[in-house]
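Remarks on the structure that follows.
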Amino acid sequence: NATSLAHAIVSDPAFHDVVENRFFQFFRLKTVASTNNLLSSRFWDKVVLQLYHVEPAVKHAVLALSSTHQVREAAADTELALRHQDYADRQYSKALGALQELIAQSDGSDIGSILVASSVVLTLENVRGNYEAGKIHAAAGRRILAHYSQRDDRRSRRGEVKELTQLFRRLDVAADSFSDAYTGYPTGDETVFCAFPTATDHSDSFDDARSSLVDLIRGSQFIACDTVWTASLEKSQALERAHLLRRLQDWDSRFSATLLLESKSSPAQVLTLRIWYLASTAPMIVGWKGPELRWDKLKDLFDELVTCGEQLLAEIATKATAGSFGFDLGYIAPLFFAVERCRDPGIRRRALNVLKTEVRQEGVWESSGAAKVAERWIMIEEAGLDVRVASDIPEWHRIQYVDVALETELRRARVVFKLSPEDLSGDEKLVRDRLMAHENRQQEERSEQSRLTVPCRLRLTSMSGQHRIEHRVVVAESTADPGTKSVAAIHVLFDC
């Protein structure tokens, strides 16, 4: 009954005071529910909640995540947001200390607890914008997980190992899709990503379908990374793409059959997987690298992707517990991809509208910050043009890459847009030079004004809509430009 439940909560030694209890209940009822709305995972609503009561590292990381969530909800009330931020900072420090102590005192029998604690702390680092620290936690977690799965083959542990493995793989996908100049995410490392994933055949289980798709996404990220791309021959690239495309199409057929038998999966979860399937299929059809005009042949695919995004938004709006803050895969990254690569003016503006409609955070991705960058992408590409169809934007007027240096402490994101490297002359060269000069001059003026007006009391934890987003427009060095590579190189473009 309610009395015994209240007594259990009050007497639980995991709760030091009523404040901790309140933050825990917020995490359980709102943060977990929001995270699981798009991709349900028992890791958050079972494993983590249970370990909270016995493992200090998990407890303090959960409290930090809960208060970080509340920072976002209290953004309009600066004083309240600052109090939540201060609490989150203190719990974050305690979580790191407790994790170090847990590892130092381990006798090998509590590897499962270490893995769970590491996963929650990794999620916390990503949400706070500490991507370099997150990469270190991820690498350590993968090593421990590999050792743990080989050493402990007890049937009772297999479900736990599987859940943790899937979580790390989804975090890999999200981290690589955002990876900024600070991170240098190890996409080309075969111990992290595999070009030919084996876990692609799934049974009649929605969870198995989700795991299989994540493996295929990781495979596509592997063959697209600069180190693998540079080392492989054009023929082998085409073979690998064709292989993964067949596997993705097979996954789609099996997933459709699974949905006929599986009744517990929600429409939001189905749409989320569908969005990621379409976003992963696109580069397997036309290739990750090459002329930007190649994306124009995928108009129907992008239209379907954006339609799924619109349907997902409508589905979220019907759920009182949907929330706008989560740690797992969602729709922001695929919709940002659609704005980037689909030059059809109607479809890409629909995609932009999905990003702008709901202020939402999904791990390292934040919708309003992504929308700001995406909107600027459109404005640069369409500047001075009458764009009615995608082909109205010539190759030399299209952006090929974007490099980001994100500085959460300074509330600043520095973005470098790289135009396709065409050797131009005459009027075309004059038009592009004017575009670059105009954009860069306008940015310098906006940047100077924002330095005077943007308050810096409240630290932001990701590229949110409140960040001062500075941008420069340059020409990529080659068609396979690997990017500016370093933070210093990006800053030079702004500060020289």
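Just so it is clear: in the sequence shown, position 194 is 318 by my numbering, and no numbers are missing. Just so it is clear, CB atoms sit at the ideal spot from N, CA and C, and this is done for glycine as well. Quantities reported herein were computed from a predicted structural model and do not represent experimental measurements.
If you run the structure through DSSP and keep just helix, strand and coil, what is residue i?
i: Val410; result: helix
i: Gly450; result: strand
i: Leu601; result: First, the residue type needs correcting, since residue 601 is Glu and not Leu in the sequence shown. Of the three classes helix, strand and coil, the one that applies to Glu601 here is coil, per DSSP.
i: Phe461; result: helix
i: Glu486; result: strand
i: Lys542; result: strand
i: Phe320; result: Legend: pLDDT at Phe320 = 47, less than 50; position of this residue unreliable, value from coordinates given subsequently. Here Phe320 sits in coil by DSSP.
i: Ser128; result: Because Ser128 carries a pLDDT of 46, less than 50, the predicted location of this residue cannot be relied on, and the following value inherits that uncertainty. Three-state result, Ser128: helix.
i: Ile517; result: coil
i: Asp376; result: helix
i: Val511; result: coil
i: Val578; result: With a pLDDT of 39 at Val578, under the threshold of 50, the modelled position of this residue cannot be trusted, and the question is left open.
i: Arg592; result: strand
i: Arg522; result: coil
i: Arg467; result: coil
i: Asp427; result: helix
i: Glu531; result: strand
Who are the Cβ neighbours of residue i in its own chain at under 6 Å, not counting the five residues just before and after it?
i: Leu368; result: Gly343, Ser344 and Met408
i: Thr389; result: Reading off the sequence, residue 389 comes out as Ser, not Thr. Contacts found: Phe330.
i: Leu187; result: Phe147 and Gln215
i: Lys218; result: His184
i: Val143; result: none
i: Phe379; result: Ala333
i: Pro469; result: Val511
Among the candidates the options, whose CA atom is the shortest distance from the CA of residue i?
i: Glu179; options: Leu425, Gly236 and Ile399; result: Gly236
i: Arg146; options: Arg196, Trp501, Arg536 and Tyr211; result: Tyr211
i: Arg266; options: Val478, Asp468, Thr289 and Gln373; result: Thr289
i: Asp376; options: Leu397, Ala257 and Ser230; result: Leu397
i: Val185; options: Leu246, Ser233 and Val171; result: Rather than Val, the amino acid found at residue 185 in this sequence is Ala. For Ala185, the nearest C-alpha among the options comes from Leu246.
i: Val251; options: Gln485, Pro415, Ala457 and Ala362; result: Gln485
i: Ala494; options: Leu384, His177, Pro458 and Lys183; result: Pro458
i: Glu519; options: Glu506, Ala529 and Val526; result: Glu506
i: Glu416; options: Thr405, Gly447, Leu173 and Ser544; result: Ser544
i: Ala241; options: Leu226, Leu363 and Leu163; result: Leu226
i: Ala222; options: His208, Arg207, Gln209 and Ile238; result: Ile238
i: Gly414; options: Arg522, Val394 and Ala262; result: Arg522
i: His562; options: Val598, Asp527, Ser336 and Ile260; result: Val598
i: Ala257; options: Leu220, Ala270 and Leu269; result: Leu220
i: Asp213; options: Gln229, Gln224 and Leu189; result: Leu189
i: Ser230; options: Leu402, Ile268, Ala537 and Asn254; result: Ile268
When the distance is taken between beta carbons, is residue j closer than 8 Å to residue i?
i: Ala421; j: Val410; result: Note that residue 421 is Lys in the sequence shown, not Ala. Closer than 8 Å, so yes.
i: Phe148; j: Gln194; result: no
i: Arg463; j: Leu476; result: According to the sequence displayed, residue 463 carries Val and not Arg. Yes.
i: Lys542; j: Gln566; result: no
i: Val555; j: Glu594; result: no
i: Ala514; j: Arg467; result: yes
i: Gly450; j: Ser158; result: yes
i: Leu340; j: Leu372; result: yes
i: Arg293; j: Leu163; result: no
i: Val171; j: Glu287; result: yes
i: Ala198; j: His208; result: yes
i: Thr405; j: Leu385; result: no
i: Ile517; j: Val511; result: yes
i: Val285; j: Leu453; result: no
i: Arg152; j: Leu173; result: yes
i: Ser491; j: Val497; result: no
i: Trp419; j: Arg365; result: no
i: Arg596; j: Asn564; result: yes
i: Tyr401; j: Leu337; result: yes
i: Gly508; j: Leu548; result: no
Can you list, in chain order, the residues of its chain whose CB lies under 7 Å from that of residue i, leaving out five sequence neighbours each side?
i: Asp169; result: Val156 and Asn160
i: Ser574; result: Because the pLDDT of Ser574 is 49, which lies under 50, any placement of that residue in the model is unreliable, and the question is left without a value.
i: Pro391; result: Glu439
Leaving out five residues on either side along the sequence, give the residues of the same chain with a beta carbon under 8 Å from the beta carbon of residue i.
i: Leu291; result: Ser165, Phe167 and Ser243
i: Ile399; result: Leu429, Cys432, Gly433, Leu436, Tyr455, Pro458 and Leu459
i: Ala600; result: Gln524, Tyr525, Lys542, Leu543, Ser544 and Pro545
i: Tyr176; result: Ala138, Phe148, Val182, Lys183 and Val186
i: Ile471; result: Lys423, Phe426, Asp427, Val430 and Ala462
i: Asp141; result: none
i: Trp501; result: Val463, Glu464, Ile523, Val526 and Phe541
- Scan the region 159–245 and note each continuous alpha helix (DSSP H) run of 4 residues or more that stays entirely inside, going in chain order. Counting whole runs of 4 or more residues, the region 159–245 contains the alpha helix (DSSP H) stretches 172–176, 180–197 and 202–228.
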